[in-house]
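Quick note: the sequence shown uses the working numbering, first residue 2, plus one each step.
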Amino acid sequence: MTQSDIERWNSKYESRAFTETFVADPLLIDNEAVFAGDGVSLDVACGTGDNALFLAQKGYASVGVDGSIAGLRHCQRKAAALGLEVMTFVADLERFPLPQEYFDVIVSFRYLDRALIPSIQSAVKSGGLLVFKTFNRNFLSEKPAFPPAYCLRHGELRAWFEDWRCADTNDLDGNADSLTYWMGYRP
Numbered sequence: 002m003t004q005s006d007i008e009r010w011n012s013k014y015e016s017r018a019f020t021e022t023f024v025a026d027p028l029l030i031d032n033e034a035v036f037a038g039d040g041v042s043l044d045v046a047c048g049t050g051d052n053a054l055f056l057a058q059k060g061y062a063s064v065g066v067d068g069s070i071a072g073l074r075h076c077q078r079k080a081a082a083l084g085l086e087v088m089t090f091v092a093d094l095e096r097f098p099l100p101q102e103y104f105d106v107i108v109s110f111r112y113l114d115r116a117l118i119p120s121i122q123s124a125v126k127s128g129g130l131l132v133f134k135t136f137n138r139n140f141l142s143e144k145p146a147f148p149p150a151y152c153l154r155h156g157e158l159r160a161w162f163e164d165w166r167c168a169d170t171n172d173l174d175g176n177a178d179s180l181t182y183w184m185g186y187r188p
């Protein structure tokens with residue numbers, strides 16, 4: 002992430018009005034039964050931390066990492082207002098080393114850095130859950146100016162985790178959605 006990217010996200014989050022509520026991604030809400038609350042969770046590129054807060058509410062020792070200090074401040078304020086704990090780290094994810102086989106759950110939403118995939122994979126404990134959801138090439142018809150490098154090709158996400166046990170995905174031929182998701186367990 003470049004300094005200009007970080008400044009852009011800080012500016013975006015600083016302009017947002019603070020709210021004590023959070024809204025987790027619908028994929029997490031729809032699958033909340035799989036989140037047992039045991040162990041440590043990580044929200045990669047967590048922004049204002051809504052998904053990290055969801056995981057904390059489920060009982061995880063929740064960690065959120067993002068390059069935007071303004072986004073993480075929102076997360077901490079929400080956590081305090083709701084009586085939840087989320088450990089946050091300001092970090093450039095391209096330089097932030099993830100501990101190997103440490104997290105019971107990792108979630109990543111609307112963020113794509115292909116170079117980080119091996120690090121994210123190795124950070125999940127054996128038997129741990131990964132939930133990954135981001136833009137695909139269909140999104141370019143909605144937002145043509147969006148950088149294509151940040152969009153998945155069909156089948157790309159599924160191929161990264163072909164050795165894992167898939168619990169659910171929409172990364173299938175003919176997927177017309179603009180977001181692709183994959184969730185499953187590390188062997």
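Even glycine gets a Cβ: it sits at the ideal position worked out from N, Cα and C.
{"query": "Leaving aside the five residues before and after CYS167 along the sequence, list all residues of the same chain whose C-beta is less than 8 Å from its C-beta, in chain order.", "result": "ARG159, TRP183, MET184, GLY185"}
{"query": "Does any C-beta atom of chain B lie closer than 8 Å to the C-beta of PHE136?", "result": "No chain B appears in this structure, which consists of one protein chain only."}
{"query": "Would you be able to state if there are at least three C-beta pairs under 8 Å between the stretch 109-118 and the stretch 147-162?", "result": "yes"}
{"query": "For THR89 versus TYR112, is the C-beta spacing smaller than 8 Å?", "result": "no"}
{"query": "What three-state label does DSSP hand ARG17 in the structure shown?", "result": "coil"}
{"query": "Taking 7 Å as the limit between beta carbons, can you name the residues of its chain near GLU15, skipping five residues before and five after?", "result": "ALA71"}
{"query": "Given a cut-off of 8 Å on the beta-carbon distance, is the pair VAL24 and SER42 in contact?", "result": "no"}
{"query": "For GLY72, which of helix, strand or coil comes out of DSSP?", "result": "helix"}
{"query": "So what does DSSP say about ARG96, is it helix, strand or coil?", "result": "coil"}
{"query": "What are the boundary residues of the alpha helix (DSSP H) that includes PHE55?", "result": "51-58"}
{"query": "Taking buried to mean at least 16 other C-beta atoms within 10 Å of its own C-beta, is GLY175 buried or exposed?", "result": "exposed"}
{"query": "List the whole-angstrom C-beta distance separating LEU54 from LEU85, where the pair is believed to meet the contact cut-off of C-beta under 8 Å.", "result": "6 Å"}
{"query": "Can you look up LYS79 in the DSSP assignment and give me helix, strand or coil?", "result": "helix"}
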